[in-house]
Each structure stands twice: as structure tokens, then as C-alpha cells.
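Notes for the one structure printed next.
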Amino acid sequence: MRPHRLLDRQLRKLGLANGAAPPSPAAWNSLLERISATYAESDEDRYLLERSLSISSREMREMSQALLSELEKRVAERTEELEAARRRLKSQERALIDLTLVASLPTDNLESELRHLTAGSAQTLAVERVSLWLFNAERTALLCRDLYELEGGQHSAGALLATASFPTYFAGIAGSDGVAADDAQADPRTRELTDPYLKPLSITSKMDIPIRIRGETVGVLCHEHTGPRRNWEADEQSFAIAVAGLAALAIVGHERWQALRELEKARAAAEEATRAKSRFLASVSHEIRTPLNAIVGISELLQKTPLSESQREYVGTLHTASETLLALVNETLDFSKIEAGKLELETTEIDLQKCLDQALDLVASKAKAKGLELRCALGRGVPRRIVSDPTRLRQILVNLLDNGVKFTARGHVAVSVDWQADGDATGVLLLSVTDTGVGIPADRLGSIFGAFLQVDTTTTRAYGGTGLGLAIVERLCELMGGSATVESVEGRGSTFRARIRAALPVPPAEHAAPAQPSPPARPPALAETVPSSLRILVAEDNPVNQLLAVRMLESLGYASPLLATDGEEVLEVLRRERCDLVLMDLHMPRMDGIETSLRIRDMFVEEARPAIVALTADALEESRAACLDAGMAGILIKPFRTDELRSCLARFQSRYQARAS
Amino acid sequence: MLAFGASGLDPETAAAVELAERFPNSHVLGCSTAGEILGASVLDGSLVVAVLRFDAVRLHSAFAPVSSAGDSLAAGRALGAQLAGEDLRGVLVFADGIHVNGSELVRGISGELPRGIPVTGGLAGDGQQFRSTWVIGGGRSQRSGAAALGLYGKSLCFGHGSRGGWDIFGPERLVTRSQGNVLYELDGRPALALYKEYLGHRASGLPATALLFPLALRGQGGGQRIVRTVTGIDEDHQSMTFAGDIPQGCVAQLMKANFDRLIDGASDAALQTASQWEPGAPVLAIAVSCVGRRMVLGERCEEELEAVREVLPAAAQMIGFYSYGEISPYVAGGGCELHNQTMTLTTISEAPP
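Top line first, the protein sequences correspond to chains A and B.
Numbers 109 to 769, taken from our numbering, label the letters of the first sequence in order.
Numbers 182 to 534, taken from our numbering, label the letters of the second sequence in order.
Quick look at the structure:
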């Protein structure tokens with residue numbers, strides 16, 4: 109047996125050769141001692157190793173516990189950090205919503221909006237000073253439009269920073285999305301500001317965001333922190349950038365608001381100018397109409413007196429000229445009213461046939477004088493009655509017919525009426541007027557509806573007129589929801605078409621009779637005189653107009669009307685005399701027509717009350733409304749012609765007769 | 182001529198001085214000891230002498246005074262500079278064991294020599310008193326200083342080996358606070374408390390038992406371990422003092438003694454020199470073992486000498502001493518270091534002409 113290397117050495121040391129018996133008990137004892145020592149040493153080794161292991165294991169346990177608690181601590185810290193960040197983001201989000209509402213509703217008060225932004229940003233980010241600066245027009249300086257200081261909650265403004273003094277700072281702002289300097293006094297981007305600005309105000313950290321409008325830097329939003337240096341978080345920078353954007357929005361909004369207000373002012377001024385023009389025209393037309401009334405009326409009466417041949421010719425010319433002048437004044441007034449947007453449409457039931465007849469009546473004498481045939485056709489399916497403005501519908505027809513008669517030397521002028529239903533109770537009324545006249549050159553067709561335009565200036569000389577007739581037709585059609593068009597062949601004639609939207613009365617009217625054959629049977633001309641027992645009072649202060657009215661009434665068979673020169677007299681006469689109809693001038697001394705009408709209404713019960721027709725040169729709508737409000741039954745616009753007076757009287761005659769019976 | 186003697190011998194008048202005077206043409210080197218080694222015997226209060234004579238090997242000796250530990254590096258450099266020369270094969274150095282910082286001395290010498298020149302030897306001892314040592318060099322014996330001998334010539338065989346034989350236990354710990362040879366903290370904890378914790382009931386024998394539990398040191402990046410013996414403890418500062426530097430940032434590990442392994446270690450040191458003997462030529466082995474080993478092994482310390490002799494050629498002569506610090510490269514061609522708790526062996530032989 110080969111013993112362990114170390115035992116072998118021990119044996120040799122003791123002289124105990126391998127395999128030999130111990131030479132003496134002493135040597136044996138000494139061997140046992142050595143072996144025992146080796147065991148003891150081995151125990152000692154084991155003790156130390158186990159101790160070392162137990163220390164290591166305890167250290168590892170402690171270390172793992174320390175790691176665990178460190179980990180828990182870090183997780184708790186991180187959780188708290190995240191929670192704080194979440195709260196911060198939430199409050200930023202809320203603030204942004206509030207500020208967006210402020211900035212996106214433009215008002216006249218930009219300063220107030222900017223104050224909201226600076227205070228909102230300061231409170232949300234907990235920054236001591238938030239200020240908003242805008243460049244002056246020359247871009248040589250930034251002007252502080254608002255500074256909010258968190259501690260005192262104070263706003264101030266007015267500080268100035270010259271751009272030339274801080275070139276690096278301004279270049280940095282203009283060339284970036286913003287400068288966030290944690291250590292502003294040392295940061296190269298903001299160091300220029302340290303001595304003159306940051307140190308005196310104890311500003312340690314600075315976050316400045318450019319305000320840009322359409323890519324141009326117009327100012328800067330500054331966040332200035334005092335106290336220990338501050339590390340600007342990414343979300344805080346994003347928030348500040350958003351607030352700077354809102355500032356830009358508020359500025360642009362304010363500029364727009366201002367521009368809008370300027371426009372508003374300009375429009376109001378234009379409207380006022382138009383109203384003034386309209387008032388001027390009304391008053392001028394009134395002034396013109398009064399003497400014109402006299403001329404038209406007197407010349408008409410004069411024609412009926414015995415005259416020599418040359419006198420008759422002169423009076424005829426006088427009458428024609430005065431009528432032309434009257435038409436001119438009326439058309440000009442109408443047109444200016446339409447242009448001023450002052451024309452208000454009536455909506456009443458109209459008997460189409462009657463309306464057509466009245467229009468034809470007005471051009472009948474002219475057509476007859478030129479030897480022209482007037483034709484009229486009412487299409488199948490055209491309702492008998494529609495709801496529209498009778499005055500304007502008649503005006504359209506008269507203007508088109510008058511135009512046709514004027515430009516036709518031979519042949520006929522034909523009017524046809526059609527209806528295109530486009531709903532249960534609505535439709536388009538189509539009026540066509542065709543003539544066999546001179547026609548219109550193709551190159552002028554496009555501008556034939558322009559104001560003050562005839563085919564050429566020679567036309568005016570050859571045919572007369574204002575050149576406003578067709579322009580009025582077109583404007584009226586448009587006002588009534590339709591349009592006016594023309595077709596023409598030069599030398600052969602023209603067809604004008606007017607379309608207007610209209611409604612059917614309720615209950616729907618019956619359809620008119622089938623179209624009449626052409627040429628239509630013209631209704632017999634109304635009698636020159638209407639035998640009547642109507643008692644009429646003429647209230648007129650102007651003696652010429654009074655005479656004119658009396659003569660016209662006489663010519664129509666109403667002899668010896670009652671007379672009054674003012675309202676007081678009217679009331680006096682009415683107390684004495686029975687009276688059926690008062691022709692009442694509106695402008696009279698002492699008591700005007702409106703006031704007098706109101707008194708009359710109070711004086712009589714309805715059955716006994718005379719009807720009142722206003723006589724006025726004032727054709728404005730306001731006047732018309734005032735008359736109707738005062739209980740008047742109708743209006744005659746001066747100067748009126750005998751025909752117009754007759755039509756008016758006819759209405760009351762029939763009513764009177766109905767009442768009498 | 183190498184002479185190692187009891188520290189109690191008066192260096193001014195004793196035999197050491199006589200030796201130097203009697204052999205004026207010889208290079209005489211030596212020092213005081215904590216036990217003289219002659220053959221496999223350990224002697225106390227004696228003077229042991231070895232005489233070497235060479236055919237072709239040339240010798241050159243030098244001496245540098247060291248009045249305080251701070252002079253050690255400069256003294257080393259002075260010695261190295263004097264000994265550097267053609268065909269230098271090895272340097273023997275013996276220095277004062279109280280005032281000389283052995284680590285610095287070796288660094289100084291090695292720094293002046295070509296790489297790979299082995300520097301071996303040891304620090305003088307003073308029994309177990311640690312008060313006063315002496316060194317023979319420069320033609321006389323001195324109280325302090327360092328004596329060195331350069332050996333030149335292609336025929337010289339200069340072998341060396343160094344082993345401890347200590348067991349490592351416990352985890353490695355970082356030296357977090359130290360100053361020179363005083364250690365304060367390991368892994369941020371008081372060094373002495375930690376040391377005691379590992380020793381358990383054996384801590385009651387401190388400071389005497391500290392000898393049995395030295396520290397192994399190495400750099401953080403790895404490298405060879407060196408051993409540091411505890412020379413004192415300080416309960417007030419919870420610090421420990423060592424027989425060599427404990428640089429901050431090194432990694433330290435506890436060691437423990439095991440008689441059989443220490444003896445085995447000595448045998449390993451001898452085996453390291455085996456390839457460096459000139460076959461058939463006379464061999465002188467210079468054994469420098471640590472005073473700590475002698476204290477640990479006690480009466481069994483001669484066994485480590487016997488273990489060495491068993492490895493050496495039968496005709497080899499052995500002389501040496503128990504020292505306060507051993508000097509040797511850890512491996513052949515490596516950097517020279519001051520060691521603690523090792524058996525360090527230098528073998529000298531000459532190839533025949």
C-alpha cells in the first residue's frame with residue numbers, strides 16, 4: 109500500500125519505513141500524536157471553512173434583501189415620478205383646452221386674451237414669471253405685451269428689449285423651436301441677458317418659445333424661473349410650444365376681427381350713403397312730381413277744350429313730353445329703389461286675366477296710334493289666381509309691352525302667359541312678349557338688360573325712354589325668384605321672357621279658361637264717363653293740383669266734388685256733408701293726411717265712414733305702409749293720369765253700389 | 182562569502198566584522214536573522230557562513246544606506262545602477278528588516294536592470310523582537326541599509342523558486358481604505374471586525390494568532406497573488422498593520438495555515454529551481470523562509486527544510502535564514518516582489534569551463 113504523500117513524509121520523518129513495524133513505542137506514540145494533530149488541524153480547517161460559508165451565505169441573504177428593498181424603493185420612486193408626470197400632463201391638457209377656447213374666440217380685447225395665456229402657462233407649469241413679447245413694426249425691439257408674476261398674481265406690460273443688444277439670443281429664438289436653458293446665466297444661448305436682465309431679476313432657468321405667424325417670428329413667450337435651477341421637462345416644453353401657438357392664434361384672430369370691424373364700418377357707411385341717396389331721390393321726385401302733375405293734368409284737360417289745329421298740336425306735344433318725363437322720373441325712382449334694396453314685395457292674390465288686361469290697357473292707345481296689333485294668349489293650365497306682387501307683375505308686363513310697341517313699326521306685339529308647377533302650391537309664371545320689330549344685334553344681346561343701355565345711343569334719340577325699362581324687368585324678376593332672358597333676330601323681332609316664382613292661393617284657384625284665340629277680343633274701352641252718385645271730397649292744398657283733380661273728376665262724370673285745403677277743413681266738411689270718398693293729399697298745412705285719416709277713423713263708425721285714397725308724390729314704401737296703417741283704402745301716386753283715377757274710382761263705385769243696395 | 186547570524190551578535194565587534202577583515206579580497210554579504218539555516222537545521226544565536234568560489238563568474242557588490250523607509254526606492258535605484266552590467270545573470274540582496282520598505286527597494290533595483298534579471302534575497306530579521314537588525318555589506322556590517330551582489334558570466338546558473346502553501350478561504354474583498362501598510366476598510370466595512378468575524382473563536386488569540394491568517398492580495402485586473410502578514414492590530418481604529426503595502430483598490434482574500442500544506446509549499450519552491458541546476462556541478466541553495474512560517478510551524482519547521490533538501494541534488498549545500506520578508510520573482514522571468522510567508526529558494530551553480 110502506498111500511503112498519502114504527506115503521511116509518507118511523516119513516516120519517513122519518524123523513521124517508520126512503509127510496511128515496517130514501529131521500531132519503538134516512543135516512535136509509535138509520536139506517530140499517533142502527529143496523526144492526531146493532523147485530524148485536529150483538519151477540524152480547525154473545517155470550522156473556518158464552514159464559518160466562511162455561513163458568513164458568505166448571510167452576506168448574500170443581506171445583499172439580496174438590500175437589493176430587494178432597493179428595488180422596491182426605486183419602483184416606488186419611479187411610480188411616484190410617473191404619477192406626478194401623469195398629473196402634470198393632465199393639468200397641462202386641461203389648461204390647454206381652456207386656453208384654446210380663449211384664444212380661438214376672437215374679441216376686440218387682445219390684451220385680455222394674452223393675459224389669460226401668460227397666467228395659464230405660469231400656473232400650469234408653476235413658473236414664477238411668464239411674459240409675452242411682440243416685435244415692433246421695425247423689428248428693432250421686443251415690446252412686453254404682458255408679464256404675469258405668479259407670486260403676486262400681477263400683470264404688467266411695457267418693458268422693451270432692443271434686438272441689437274442681444275444678437276445671439278434673438279438669432280437663437282428665430283432659428284429654433286425654442287430655447288430651454290436650465291442654467292440660463294451660463295447657457296451660451298441666453299448668457300447675453302445675464303448681467304442686464306437675468307441677474308437683477310434673479311432668473312436662474314429660462315424657457316423661451318418663438319411665436320410664429322405664417323412662418324415669421326413675431327414675438328416670444330418667455331418662461332422665467334427663479335430660485336434653484338430647474339430642469340425643463342420635455343412635456344413642459346411641448347406645453348409651452350402649444351401656448352405660443354395659441355398666442356399666434358389669438359393675434360391672428362384679433363387681426364381678423366379688426367379687419368371684419370373695418371368692413372362692417374365700410375358697409376354701414378355705404379348703406380347710409382344709399383339711404384341718403386334714396387331719401388334724396390324721393391324728395392327730389394316729390395318736388396318734381398308736384399309741378400309735373402300739374403303739367404300732365406292740365407295738358408290732358410286742355411286737349412278736351414276747343415282748340416285751333418296748331419294749338420291742339422302744341423298741347424299734344426306738351427302732353428306727350430310731360431308723360432315721357434313722368435315715366436322717366438318713375439323709372440329712375442323705381443330703379444334706384446331696387447338698387448338700394450328698398451323694394452319690398454307684396455304678396456296678395458292676383459287675378460291674372462285682370463292684371464293682363466290692365467297692362468294691355470296702358471299700352472293700347474300707343475299701339476293703336478302706331479297701327480299695331482296687340483295679341484294675348486293665356487296658356488292651358490295657367491291658374492286664374494296666383495299669390496304675388498300685383499304692382500310689380502303689372503310693371504314687368506307694361507315695361508315689356510311698352511318696349512315691344514316702342515321698337516315695332518309694323519306687325520304685332522303678342523303676350524303669352526304659361527305656368528310650370530313645381531310643387532303642390534308653387535310654380536313658375538312664364539311671361540313672353542314677342543314683337544315683329546327691329547330686333548337686337550347678336551353682339552348686344554348680352555348687355556340688353558344693363559342699366560341705362562339701349563342698343564345704341566341713337567336708339568335713345570330715335571325711340572326715347574330712359575333705358576331703364578328692361579333693367580327694371582330683370583331686377584324685378586330676380587327679386588321675385590326668377591330671371592329675364594331675350595332672343596332676337598335683327599330685323600325680324602325679339603322675344604323677351606320673364607320668369608317669376610309664385611304661389612297658388614289657398615284653396616287652390618281654379619284653372620283659367622282655355623287660351624283665347626288670337627287676336628283676342630279686346631275688352632271694350634271703358635266709358636269716358638261713369639255716371640255716379642259718389643260724393644267725393646278733394647283735400648289738396650296746392651291750388652293747381654286741386655283744380656287738376658276737380659277737372660279730372662268732372663271729366664269722369666263726378667261733378668262738383670267737395671273741397672278742402674287742409675285736414676282741419678276736411679274734418680269740418682265731413683261734419684256737415686255726407687261723403688263717400690276722400691282724395692287726401694298727404695302733405696297739407698295744419699293737419700296732414702295721415703293725422704286727418706286717423707281722426708276720420710275715430711269720427712265715424714265703419715259703415716258710415718268715407719273711404720280715403722291718399723294722393724302723394726312720395727312713392728316710398730314707408731309712406732305706403734303709413735297710409736294703410738292710418739286706415740286709407742288706396743294710394744294714387746302723383747302725378748296720376750285720368751285712366752288711373754278712373755280705375756281707382758271704379759273700385760269704390762262698385763263698393764258703394766253694393767253698400768247702397 | 183555569505184554570512185547569516187543572530188541579531189543579538191554585536192555587528193561592530195562580532196564575527197561578522199572579523200570575516201570581512203580576514204577576507205579582504207572576497208565579497209562578504211549577509212544579515213541578521215530570525216533563525217539561521219544550515220543544511221536542514223534551524224539554529225538560534227549562531228553565525229552560519231557559506232563560501233563560494235567560481236571559475237569564470239565575475240562578482241560585483243554594492244551597498245546603499247537607508248535611514249528611513251522613504252529612502253528605500255532611491256537606495257534600490259542606486260544599487261541597481263551600480264550592478265547593471267554586461268552578462269549580469271542575477272542579483273542577491275539583503276537589507277535591513279526594520280527600516281527598509283522591501284517592496285520599494287525591489288522596485289528600485291529592478292527598475293535599473295534589464296527585464297528578466299532575477300533579484301532574490303530577503304530582509305534581515307531580529308528573532309521575534311522586530312527591534313533591530315544588521316546587514317553586512319560594503320566591507321563591514323551595518324545597522325541599516327541594503328547590500329547587494331551582482332553575479333556575471335554565461336557560465337552561471339542562477340535558479341530561484343518561491344511558494345507559500347497557504348489555503349485561501351472566504352470571498353475576495355475590495356480594499357476600500359488603506360494607507361501604506363495599514364488597512365482600514367474592506368468592502369466599506371472595518372477591516373479588523375471583518376477579520377475577527379471570520380476567525381470566530383480563534384480571534385481570541387489575537388494578535389499572536391494573526392500570523393496564522395495572512396491576507397492574499399492581487400490587483401483588480403487579476404495577476405499573481407502576494408501574501409501579506411499581519412504584524413499588528415489597532416482596536417481603536419479597527420485597523421490592521423501588515424509587513425508590506427496594502428494598496429487601495431487591490432483585492433484581498435483571507436488565508437489560513439495548514440502545516441502539511443506549508444511543508445508541501447516548501448517542497449514546491451525547491452521543485453521550481455530543479456531545471457536551473459548545472460548538472461554534475463556543485464550547487465549552493467540559499468533558503469530564505471519567513472519568520473511567520475517558523476512561528477506557525479514551531480518545532481516542525483525543520484520539516485520544511487527537509488522537504489526542500491529532498492528535492493535538491495544530494496550533494497547540494499544549503500544555507501539561509503528566517504527573514505522579515507522574502508525577495509524573488511514569483512515565476513522565472515517575472516517581476517521581482519517582496520513576499521511574506523513564503524519559502525524562497527535561490528540556487529547557484531557554475532558550468533564547468
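Beta carbons are placed, not taken as given, at the ideal position from N, Cα and C, and that holds for glycine.
Computed from a predicted model, the values in this text were never measured in an experiment.
Apart from the five residues on each side of it in sequence, which residues of its chain come closer than 8 Å, Cβ to Cβ, to glutamate 618 (chain A)? Any answer about glutamate 618 (chain A) is weak, because its pLDDT of 48 lies below 50 and its placement is not dependable; what the coordinates show is given next. Within the same chain, glutamate 618 (chain A) has close Cβ partners Pro491 and Arg492.
Between the segment 430 to 456 of chain B and chain A, which residues of the former have CB atoms less than 8 Å from a CB of the latter, in chain order? Leu435, Lys437, Asn439, Phe440, Asp441, Ile444 and Asp445
By how many angstroms is the C-alpha of serine 325 (chain B) removed from the C-alpha of methionine 476 (chain B)? 25 Å
To which residues does DSSP link threonine 301 (chain B) through a beta bridge? B:Leu273
By DSSP, does aspartate 116 (chain A) sit in helix, in strand, or in coil? helix
Return the chain-ordered list of same chain residues with a C-beta closer than 6 Å to the C-beta of alanine 497 (chain B), the five sequence neighbours on each side being excluded. Val464 and Ala466
Distance cutoff 8 Å, beta carbons only. Does tyrosine 379 (chain B) sit that close to anything in chain A? yes
Does chain B have any CB closer than 8 Å to the CB of leucine 114 (chain A)? yes
Among A:Thr146, A:Pro133, A:Asp737 and A:Leu538, which has the Cα closest to the Cα of histidine 112 (chain A)? A:Thr146
How long is the line joining the alpha carbons of proline 639 (chain A) and methionine 740 (chain A), rounded to whole angstroms? Reliability of the predicted coordinates at proline 639 (chain A) is poor, the pLDDT of 47 falling under 50, and no value is obtained from them.
Rounded Cβ spacing between alanine 468 (chain B) and valine 492 (chain B) (contact assumed at less than 8 Å): That pair is no contact at about 12 Å.
How far does the beta strand (DSSP E) with glutamine 262 (chain A) in it reach, from first residue to last? 262 to 264
Taking alanine 450 (chain B) and glycine 342 (chain B) to be in contact with their CB atoms under 8 Å, please state how far apart those CB atoms are, rounded to whole angstroms. 4 Å
Three-state class that DSSP yields for leucine 634 (chain A) in the structure shown: The pLDDT assigned to leucine 634 (chain A) is 41, lower than 50, so where the model puts this residue is not dependable; a value taken from the coordinates is nonetheless given after this. If DSSP states are grouped into helix, strand and coil, leucine 634 (chain A) belongs with coil.
For valine 238 (chain A), does the three-state DSSP call read helix, strand or coil? strand
Distance, alanine 374 (chain A) Cα to arginine 583 (chain A) Cα: 25 Å
Start and end residues, alpha helix (DSSP H) containing phenylalanine 443 (chain A): 417 to 447
Contact the segment 280 to 294 of chain B vs the segment 251 to 261 of chain B: 3+ CB pairs below 8 Å: yes
Would you kindly report the start and end of the unbroken beta strand (DSSP E) that includes tyrosine 256 (chain A)? 249 to 257
How many Å lie between proline 371 (chain B) and glycine 430 (chain B) at the Cα? 15 Å
Which one or two residues does DSSP pair with threonine 208 (chain A) in a beta bridge? BP columns for threonine 208 (chain A) are empty, so no partner.
Do the CB positions of leucine 505 (chain A) and alanine 475 (chain A) come within less than 8 Å of each other? no
Should serine 407 (chain A) go down as buried or exposed, given a rule of 16 or more other Cβ atoms within 10 Å for buried? buried
From the DSSP output, in three-state form, read off proline 622 (chain A) for me. Because the pLDDT of proline 622 (chain A) is 44, which lies under 50, any placement of that residue in the model is unreliable, and the number read from its coordinates should be weighed accordingly. It is coil, neither helix nor strand.
I need the DSSP call for tryptophan 527 (chain A), collapsed to helix, strand or coil. strand
Which chain B residues are close to glutamate 149 (chain A), counting only those with a beta carbon under 8 Å from its beta carbon? Asn439, Phe440 and Asp441
Given that tyrosine 155 (chain A) touches chain B, what residues does it touch there, using C-beta distances under 9 Å? Gly381, His382 and Arg383
Near arginine 387 (chain A), what residues of its chain come up, given a Cβ to Cβ distance below 7 Å and the 5 sequence neighbours on each side ignored? none
Report the neighbours of phenylalanine 350 (chain B) on chain A: residues whose CB is nearer than 8 Å to its CB, in chain order. Leu156, Leu157 and Ser160
Neighbourhood of tryptophan 241 (chain A) by C-beta distance below 6 Å, restricted to the same chain and skipping five residues each side: Leu250, Cys252, Gly327 and Val328
If you drop the 5 nearest sequence neighbours on each side, which residues of the same chain put their C-beta closer than 7 Å to that of methionine 699 (chain A)? Asp674, Gly675 and Glu676
Alpha carbon of tryptophan 535 (chain B) to alpha carbon of phenylalanine 394 (chain B), nearest angstrom: In this structure chain B extends from 182 to 534, so residue 535 (chain B) is not present and cannot be described.
Taking C-beta to C-beta, are leucine 670 (chain A) and glutamate 680 (chain A) nearer than 8 Å? no
May I ask you to report which of helix, strand or coil DSSP gives alanine 532 (chain B)? coil
How big is the Cα-Cα spacing for asparagine 521 (chain B) and serine 385 (chain B)? 23 Å
Taking C-beta pairs closer than 8 Å, name the residues in chain B that isoleucine 163 (chain A) reaches, listed in chain order. Gly351, Glu378 and Tyr379
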